[in-house]
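Inspection log for the structure reproduced underneath, given as structure tokens.
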Amino acid sequence: MANQNGSVYGLTLLCPILNDEKASPSHDLQIRDYLSKLTADSTSPFAIAPGTHLARIVVMDDVVYVGMPACEEHLKSKYLVFESNLDGDLDTYLTGLATTIPEHIDAIWSHCTGYPGCADKAKFVQYMKNCQIETTFFFAAVNDKSVPQTLTALQTQRAVAQFIAEHQGISPAETQRDFIEFLKVLDAAPPLKPAMNAPSRDIKTGGRNE
Amino acid sequence: MSKLNATDIQGFVLRGYNMPYARYCFLHFEDPQRARELLGKLLSIVTTGQLWDEKPKSTVNIAFTHQGLTALRLPIATLNTFPVEFQQGMKARARILGDTGCNSAEHWDEVWREDHVHAWLGINGVTPEDVAARFDAVNSLLTETNGARCLGTQDAASLVEDGAVTLKEHFGYTDGFGNPDYLGVCRATQPGQGKLDKDGNWTPLATGELLLGYADEAGELPVAPVPHLLASNGTFMVYRKLHENVGTFRSFLNQWSALYGAGDEHAKEKLAAKFVGRWRDGTPIEVSPDGPNPAITQDPNKSTNFKYGDDSTGARCPIGAHIRRVHPRDAFGFDGRLINRRRITRRGLPYGPYAPDDGTITPEQAAQLDAVDRGVIFMALNANLARQFEFVQQQWIAYGNDAHLGNDKDLLMGSHGPGEKYVVQGDTNPSNPPFVCSSLPNFVELRGGEYFFVPSITALGMIVRELVDPR
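Chains as they are written, first to last, in this note's numbering: chain B, 1018 to 1227; chain L, 13 to 483.
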């Protein structure tokens, strides 16, 4: 089924941006300005709202003319593109956005045509669904587990790897005793939060290696 | 594809000369006119890829940094068309390459600390006397033309053990197995050296993965400077002087192998093999998991002919072993297609004296061994520095995500911080247990290097005669 890949739902929205010649700066510029100031760490709105594996918000101005032999074409509007890979069903996710980060959602989407605001959750969910198009590609690094399951698995993996490294060559009885204690500590440990910093790597990464 | 003109391609690009001695000279041009005069004289002695009727006693090759091409006054419209990473130079790419901490430029040899190396002139020879004679001949050209100042030299040589020339590096591993085959470059292809086709057979890589001016694995021409004639039949070279902490390595191996398997001499050699993916004699552990086998290392149809598809758990060759990291073969699926644009060709030799190993080592001896100037001169050839060498260094040496190893780095090559580990996967056989090494020291430290452009013979002539015309 399109939009669904195992347990993960793929949401793609194309929301037309208001075209108001009197607005200064124009609505698309206001969205760009707001997006450029959003954080990408644990204070990101999509780390606060539940269930997001990956989210991307982009202002799409137009299709780019690349010269002959292409023919010159234009969109009828500028669009706000929202892509998200999420847990659970769409209604719950959208309601979650409206409940946990309403100020961000309103600040961004209030520049879009027909946006009703997220105070009325039923209208908000219906608006977003009206803007939805089918998703056929998913973020490859999501392993068919929910966000909390993934975070717990990472936490467990790190802890177990460290336990093994520290217990090589130690007697089975002692290892078992420590492991029982280790499990208690691990079970009681607070869960990781989304977008928490990974162990720091003193290396610069980037898609284009520049 | 068109037939390659071996007389136009520097021999160093097309083949390893298999000569045990080398001297690399680092030149600085002070006057473009006099430099061109020098290059004009060198042009007639540069070794090409033409097949030899009789093997020469020594060879000469040359390559330039972007600073060097600038000093030679190539047109600005040409200089600006070189790829960004080459224009920047290796030192400026430190954060991409992970050349930080003990690998950062303040720890480099003096010659590399300032950006004043303009050219690399490589001499290979059959004997040290052959290298010296050729160096004297080059030196007299330098004096005669006053075309360049030699900032320094680096001698390198195969290690001699018990009087015999070996292919080993200082940690004791036999090196130099894994160079790719390219279409038109190799006379005979060797299984395991090229790329996998859909049927699981090995075929040569596209020429454009090594040489500029030819289609690469994506069917595109590699990013290259204009004019086409300057770039064509040339390539880019990475030069890195990698110091090896031999004492640290031997201590680490003794310490951890005492806890591995039976903790005996076989367990020590097996753990050493698990670090690299080859037993120290070169036998691939994937093919021969229980011990080295000379019948495999001596046979070109076997020494590189293996895949990891049946070993997805890493029980034979650990997923993080050096040769599996830098050449994952089929390990990432998709018939190996994810790696075909990440291959590099390696040249180079060890430098410094071989330290005999009796298997025991004290902390004092380890510190003394570490302090001796020895290691490997790593040279890599590729059409695209960013896509090939830098990607391998960044993603497969300094990171583990592609192999599902998280932040783990290559054990021997990685620049390690606190809390890092090396995982040896295993199975239920008591002689092949799962094992984790932690508290990883730095086995290898970068002591300098640079990115070079290796021009064709035609391009060298264009530079000499000021015929480089980007219009």
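Think of the CB as a built atom: it goes at the ideal place given N, C-alpha and C, for glycine as much as any other residue.
- Here L:I74 is buried. Its C-beta has 16 or more other C-beta atoms within 10 Å.
- Around the beta carbon of L:I351, 16 or more other beta carbons sit within 10 angstroms, so the residue counts as buried.
- Contact of B:A1206 with chain L is not assigned, every C-beta pair being separated by 8 Å or more.
- DSSP links L:F76 through a beta bridge to L:A131 and L:F465.
- Annotation: Cβ neighbours of L:K433 in chain B (cutoff 7 Å, chain order): A1178 and A1182.
- Against chain L, the CB of B:Q1172 has no partner CB under 8 Å away; the residue lies outside that interface.
- Of B:V1081, B:Q1143 and B:P1165, the smallest CA-CA separation from B:L1030 is found for B:Q1143.
- Residue burial annotation: L:E256 is buried, with at least 16 other C-beta atoms found within 10 angstroms of its C-beta.
- Along the segment 266-277 of chain L, going in chain order, the ones with a CB nearer than 8 Å to a CB of chain B are L271.
- With a cutoff of 8 Å on beta-carbon distance, L:V338 and L:G360 are scored as not near each other.
- Proximity of L:V72 to chain B, defined by a Cβ-Cβ separation below 8 Å, is not satisfied.
- Runs of the beta strand (DSSP E) lying entirely within the segment 140-180 of chain L, each at least 3 residues long, are 161-169 in chain order.
- For L:G110, the closest C-alpha among the options L:P430, L:M425 and L:T155 is that of L:M425.
- Taken in chain order, the complete beta strand (DSSP E) segments of 3 or more residues contained in the segment 330-384 of chain L are 357-359.
- Taking the CA atoms as reference points, L:S427 sits about 51 Å from B:E1089.
- Out of L:D385, L:P467 and L:I297, the CA that lies nearest to the CA of L:A168 is found in L:D385.
- Per DSSP, L:G52 lies in no beta strand (DSSP E) segment; the continuous alpha helix (DSSP H) that holds it begins and ends at P44 to L55.
- Within the DSSP secondary-structure output, L:L217 pairs in a beta bridge with L:Y194.
- No residue range can be given for B:T1060, since it is assigned to no beta strand (DSSP E) and is classified by DSSP as neither H nor E.
- Counted as a single uninterrupted DSSP element, the beta strand (DSSP E) harbouring B:L1097 occupies residues Y1096 to D1104.
- Spatial neighbours of L:G294 in its own chain (CB-CB distance under 7 Å, excluding positions within 5 residues in sequence) are listed in chain order as T186, F189, T309 and S315.
- The Cβ atoms of L:W132 and L:F464 lie closer than 8 Å to each other.
- Taking the Cα of B:L1097 as reference, the smallest distance to any Cα among B:A1182, B:A1205, B:L1052 and B:E1038 is reached at B:L1052.
- An exposed status is given to L:G345, since fewer than 16 other beta-carbon atoms sit within 10 Å of its beta-carbon.
- Boundaries cannot be given for L:R483, as no beta strand (DSSP E) includes it and DSSP labels it neither H nor E.
- Taking 4 residues as the shortest admissible run, the segment 1119-1176 of chain B contains the following complete alpha helix (DSSP H) segments, listed from N- to C-terminal end: 1119-1126 and 1138-1147.
- A straight-line Cα-Cα distance of about 45 Å links B:C1129 and L:D228.
- Inside the segment 380-455 of chain L, DSSP marks whole beta strand (DSSP E) runs of 3 or more residues at positions 387-394, 433-436 and 447-450, from first to last along the chain.
- For L:E42, the closest C-alpha among the options L:D20, L:C162, L:Q62 and L:G101 is that of L:C162.
- With respect to chain B, the C-beta atom of L:F346 has no partner C-beta closer than 8 Å.
- DSSP places B:L1035 in the coil class of the three-state scheme, outside both helix and strand.
- The C-beta of B:I1197 has fewer than 16 other C-beta atoms within 10 Å across all chains shown, which makes the residue exposed.
- Annotation for L:G246: L224, V466, P467, S468 and A471 place their beta carbon closer than 6 Å to its own, counting only its chain and skipping 5 residues before and after.
- C-alpha of L:T82 to C-alpha of L:R146: approximately 27 Å in a straight line.
- Counted as a single uninterrupted DSSP element, the alpha helix (DSSP H) harbouring L:L91 occupies residues I88 to L91.
- Scanning its chain for C-beta atoms nearer than 6 Å, with the 5 sequence neighbours on each side dropped, one finds around L:E432 the residues L452, in chain order.
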